[in-house]
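Asks: In full-length UniProt numbering, the protein residues as written are 1 to 98.
Cβ coordinates follow ideal geometry from the N, Cα and C atoms, glycine included.
1) Counting only the same chain and skipping the five closest in sequence on each side, list residues whose C-beta sits under 6 Å from that of residue 17.
2) State the Cα-Cα distance for the pair residue 93 and residue 71, rounded to the nearest angstrom.
3) Could you give the C-beta distance for residue 82 and residue 20, rounded to a whole number, given that I count them as a contact under 8 Å?
4) So residue 94 is in the beta strand (DSSP E); what residue range does that whole segment cover?
5) What residue range is occupied by the uninterrupted beta strand (DSSP E) comprising residue 68?
6) Does residue 7 pass the burial test, meaning 16 or more other C-beta atoms within 10 Å, or should it be called exposed?
7) Does the beta-carbon distance from residue 96 to residue 68 come in below 9 Å?
8) In the DSSP assignment, what residue or residues form a beta bridge with residue 20?
9) Under DSSP, the alpha helix (DSSP H) around residue 41 begins and ends at which residues?
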């Protein structure tokens with residue numbers, strides 16, 4: 001019997017993209033990172049920090065990340081560098097600017 005604990009696939013939430021201006025490969029990176037984020041963190045600020053740092057590393061600075069259950073936004077972003085989606089009950093807003 002395997003003693004390693006593995007997350008159940010039932011715990012992985014399917015992302016629902018609400019709005020995006022992003023190439024497919026980058027979108028796949030973001031949604032994969034969000035799944036990791038939901039498995040690792042429970043605090044919204046930690047989720048946002050993880051997403052921002054990972055996107056800076058993968059796709060160059062300067063990314064901005066907002067994660068939460070209740071927020072409004074109005075942002076300017078670089079073309080092809082914006083996504084807004086839900087993963088479980090959390091909304092994720094990521095965009096590159098600067």
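Replies: For this structure:
1) Position 17 of the chain shown, counted from the start, is the residue given in the question as residue 17. Cβ neighbours of residue 17 beyond the five flanking positions: 85.
2) The residue given as residue 93 occupies position 93 in the chain shown. The residue given as residue 71 occupies position 71 in the chain shown. Cα to Cα, the separation comes out at about 10 Å.
3) On the chain shown, position 82 is the one that residue 82 refers to. On the chain shown, position 20 is the one that residue 20 refers to. With a Cβ gap of about 7 Å, residue 82 and residue 20 count as contacting.
4) For the purposes of this step, residue 94 is identified with residue 94 of the chain shown, where counting begins at 1. First-last of the beta strand (DSSP E) with residue 94: 90 to 96.
5) Working through the chain shown from its first residue, we reach residue 68 at position 68. That run of the beta strand (DSSP E) goes 63 to 68.
6) Taking the chain shown and counting its residues from 1, one reaches residue 7 at position 7. Any reading at residue 7 must be qualified, since the residue scores a pLDDT of 43, below 50, and its modelled position is unreliable; the value itself is stated next. The residue is exposed, with fewer than 16 neighbouring Cβ atoms inside 10 Å.
7) For this step, residue 96 is matched to residue 96 along the chain shown. For this step, residue 68 is matched to residue 68 along the chain shown. No, the Cβ-Cβ distance between residue 96 and residue 68 is not below 9 Å.
8) In the chain shown, counting from the first residue as 1, residue 20 sits at position 20. According to DSSP, residue 20 bridges with 83.
9) The residue labelled residue 41 in the question sits at position 41 within the chain shown. Element bounds for residue 41: n/a, residue is neither H nor E.
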